[in-house]
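To start, the structure itself, in structure tokens.
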Amino acid sequence: MQLEYLDMVLNESQRIYPLGGRIERVCKMDVEINGITIPKGTVMMIPPLILHQVPEYWPEPEEFRPERFSKENKENIDPYTYLPFGAGPRNCIGMRFALVTMKVAIAVIMQCFSFRVCKETPIPLVMSNEAFLVPKKPIVLKLVPR
């Protein structure tokens, strides 16, 4: 399924609102990074939400800009600064299934409807501090038949 702009929108959505709260790894050996020693056995936690908001990697990180993930720009993204599904051999086993499912669902719905905000739509979107990043209130949108 080739839906290039939809891919860009999904990637940018996951950059701003990554589902997973943190990625955990155990340090296999003593490591020194920028003068800080991390002992073997230390559990390291990487919060994708914070990493995805670092201006050094993502200029104007609060802005929704799907073009960040265009073919031309994607090559310039450090793969370890974008972690919606983790990275390496222990990344999310369901990543491809999740992405294809989202694309199919969005494509089918968008063929029949367009989305509009309404008076019940929470703006700005406020997220909870749970283990998974979810909105505090339901996202209410108006579906308009095409």
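Numbering-wise (my numbering), the sequence shown opens with residue 1067 and increments by one. Even glycine gets a Cβ: it sits at the ideal position worked out from N, Cα and C. It should be emphasised that the depicted structure is a prediction, and the values quoted were computed from it without experimental measurement.
First and last residue of the uninterrupted alpha helix (DSSP H) at MET1168: Position 102 of the sequence shown holds residue 1168. Judged by DSSP secondary structure, MET1168 falls within the alpha helix (DSSP H) whose first and last residues are 1161-1178.
Cβ pair VAL1192, PRO1201 closer than 8 Å: For this step, residue 1192 is matched to residue 126 along the sequence shown. For this step, residue 1201 is matched to residue 135 along the sequence shown. Note that the C-beta distance between VAL1192 and PRO1201 is below 8 Å.
Supposed close pair HIS1118, TYR1146 - CB separation, criterion 8 Å: Here residue 1118 corresponds to residue number 52 of the sequence shown, with the count starting at 1. Here residue 1146 corresponds to residue number 80 of the sequence shown, with the count starting at 1. Between TYR1146 and HIS1118 the Cβ distance is about 12 Å, and since that is not below 8 Å, they are no contact.
DSSP-derived helix/strand/coil call for THR1103: Looking up residue 1103 in the sequence shown gives position 37. Three-state DSSP puts THR1103 in a strand.
Rounded C-alpha distance that separates SER1079 from CYS1158: On the sequence shown, residue 1079 is found 13 positions in, with the first residue counted as 1. On the sequence shown, residue 1158 is found 92 positions in, with the first residue counted as 1. SER1079 and CYS1158: Cα-Cα distance of roughly 17 Å.
Delimiting residues of the beta strand (DSSP E) encompassing MET1110: Walking along the sequence shown from the start, residue 1110 turns up at place 44. Taken as a continuous stretch (DSSP letters only), the beta strand (DSSP E) holding MET1110 covers 1109-1112.
Beta-carbon proximity of SER1136 to MET1095, cut-off 8 Å: Working through the sequence shown from its first residue, we reach residue 1136 at position 70. Working through the sequence shown from its first residue, we reach residue 1095 at position 29. No; because the gap between Cβ atoms is not below 8 Å, this pair is not in contact.
Continuous beta strand (DSSP E) stretch holding VAL1185: start and end: On the sequence shown, residue 1185 is found 119 positions in, with the first residue counted as 1. The residue asked about is misnamed: residue 1185 is Lys in this sequence, not Val. Here LYS1185 belongs to no beta strand (DSSP E), and DSSP marks it neither H nor E.
DSSP beta-bridge partners of MET1074: By 1-based counting over the sequence shown, the position of residue 1074 is 8. When DSSP reads this structure, MET1074 sits in no beta bridge, so it has no partner.
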